[in-house]
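Enquirer: Sending over a structure as structure tokens; questions will come in a sec.
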Amino acid sequence: MAPRANWKGFLRLSLVTCPVALYPATSESEKISFNQLNRQTGHRIKYLKVDADTGDEVPNEDIVKGYQLEKDQFIEVTKEELEEIALESTRTIEIDEFVDRSDIDPRYLIRPYYIRPDGKVGHDAFAVIRETIREMDKVAIGRVVLTNREHIIALEPMDKGLVGTLLRYPYEVRSEQEYFDEIQDVKVTKDMLDLARHIVNQKAGRFDPEKFEDHYETALIDLINQKRAGKPITPKSKPAATNVVDLMEALRRSVGKEAAPAKAGKPAKKGRKASAGQKEMLMPIEGKKPKEAAAKKPAAKPQRKSA
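Just so we're aligned, residue 319 is where the sequence shown starts under our numbering, counting upward by one.
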């Protein structure tokens with residue numbers, strides 16, 4: 319069953335309209351999370367909303383929004399006033415234009431959402447909009463309101479649905495000049511470029527996210543499993559830092575290093591899915607059977623517990 323929709327409304331291209339629902343395309347819930355504890359008692363830490371001057375706890379019904387003009391001076395804005403300035407895009411994703419995917423600077427990308435028809439009606443109109451975007455090989459640009467804020471959203475077809483990626487506004491993107499101006503102008507020789515290209519060719523491949531594992535998440539799971547088992551925790555030695563003195567020599571050595579695995583003829587280690595691997599490693603925490611035994615009989619989806 320799909321998760322609960324973050325937003326429901328209408329997708330509109332000129333006079334073509336259909337009801338749609340928007341769902342988060344990514345999740346952080348699979349990652350290990352920690353609670354803050356009182357070291358003395360082992361109890362969880364609880365946060366309270368208190369008056370900064372009196373120190374008294376303030377109930378939710380007495381909390382309002384305020385914009386700070388200067389120190390200790392605020393303009394109060396009520397919920398009703400915010401609703402008065404609600405935009406049309408609160409309920410409608412209006413497609414304003416179509417652009418090439420290459421026109422969108424990666425710095426403007428925020429997060430992706432899945433978009434599908436909402437209910438049993440509007441599937442025909444949704445399909446027309448989706449296939450038009452696909453046939454034109456374009457990205458549709460529209461606007462949507464999430465958490466009371468209007469966002470730019472880029473729509474692209476994916477399978478039978480759409481992926482909508484929220485985009486930043488120009489004022490949210492910092493200029494690169496304040497970071498890049500002090501980079502020195504360096505002349506790179508042809509020999510250096512040739513060696514660097516050789517390294518790139520040796521590492522060339524096709525991006526496959528399944529090959530990558532979250533090593534920090536794996537280390538966290540191992541740490542928790544060891545502590546639950548009462549095993550001593552020993553710090554691992556860190557690799558010594560090396561200073562590059564001769565760049566040309568470093569490039570030559572890099573070429574030899576990348577070529578070595580191919581000569582050895584050892585098969586590359588196959589990466590496993592991050593989520594599947596993490597659940598597998600969590601079995602000691604959950605008290606599950608080994609993977610081989612579990613394969614004989616389908617098991618229910620494991621529920622992650624807080625450490």
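Think of the CB as a built atom: it goes at the ideal place given N, C-alpha and C, for glycine as much as any other residue.
Quick caveat, the model's predicted, so the values are computed rather than measured.
Which value, in whole angstroms, describes the spacing of the CA atoms of M566 and Y365?
Expert: 56 angstroms
Enquirer: When you compare the CB positions of R486 and Y426, do they come within less than 8 angstroms of one another, or not?
Expert: yes
Enquirer: Beta-carbon within less than 8 angstroms of K545's beta-carbon, same chain only, minus the 5 sequence neighbours each way: which residues are those?
Expert: I551
Enquirer: Grouping DSSP H, G and I as helix and E and B as strand, with all else coil, what is Y487?
Expert: coil
Enquirer: Does A522 pass the burial test, meaning 16 or more other C-beta atoms within 10 Å, or should it be called exposed?
Expert: Residue environment analysis places A522 among the exposed positions, since fewer than 16 neighbouring C-beta atoms fall within 10 angstroms of its C-beta.
Enquirer: Taking contact to mean 3 or more Cβ pairs, one atom from each stretch, closer than 8 angstroms, check whether the region 394-407 and the region 459-471 are in contact.
Expert: yes
Enquirer: Quick one: which unbroken alpha helix (DSSP H) runs of 4-plus residues sit fully inside the region 451-527? Chain order, please.
Expert: Qualifying alpha helix (DSSP H) stretches, in chain order: 495-498 and 508-521.
Enquirer: Would you decide whether K607 is buried or exposed? Buried here means 16 or more other CB atoms lie within 10 Å of its CB.
Expert: Note that K607 scores 40 on pLDDT, short of 50, meaning its location in the model is unreliable; the coordinates nonetheless yield the value given after this. Exposed is the call here.
Enquirer: Could you give the C-beta distance for L480 and R448, rounded to a whole number, given that I count them as a contact under 8 angstroms?
Expert: 6 angstroms
Enquirer: Round the Cβ separation of I451 and E415 to the nearest angstrom and send it over; I've been treating them as touching at under 8 angstroms.
Expert: With a Cβ gap of about 12 angstroms, I451 and E415 do not count as contacting.
Enquirer: According to DSSP, is G384 part of a helix, a strand, or is it coil?
Expert: strand
Enquirer: Select from Q502, K383 and A547 the residue whose C-alpha is nearest the C-alpha of T396.
Expert: K383
Enquirer: Is V338 closer than 8 angstroms to D436 when the C-beta atoms are compared?
Expert: yes
Enquirer: Does A445 pass the burial test, meaning 16 or more other C-beta atoms within 10 Å, or should it be called exposed?
Expert: exposed
Enquirer: Closest to A343 by C-alpha separation, out of V376, I433 and S555, would be which residue?
Expert: Closest option to A343, Cα to Cα, is I433.
Enquirer: Per DSSP, Q391 forms a beta bridge with which residues?
Expert: E388
Enquirer: Alpha carbon to alpha carbon, how far is P585 from S420?
Expert: In this prediction, P585 has a pLDDT of 47, which is less than 50 and means its spatial position is unreliable; nothing more can be read from the coordinates.
Enquirer: Using three-state DSSP, classify T410 as helix, strand or coil.
Expert: strand
Enquirer: Between Q502, H533 and S572, which lies nearest to N519 when the distance is taken from Cα to Cα?
Expert: Selected option, being the one with the closest Cα: S572.
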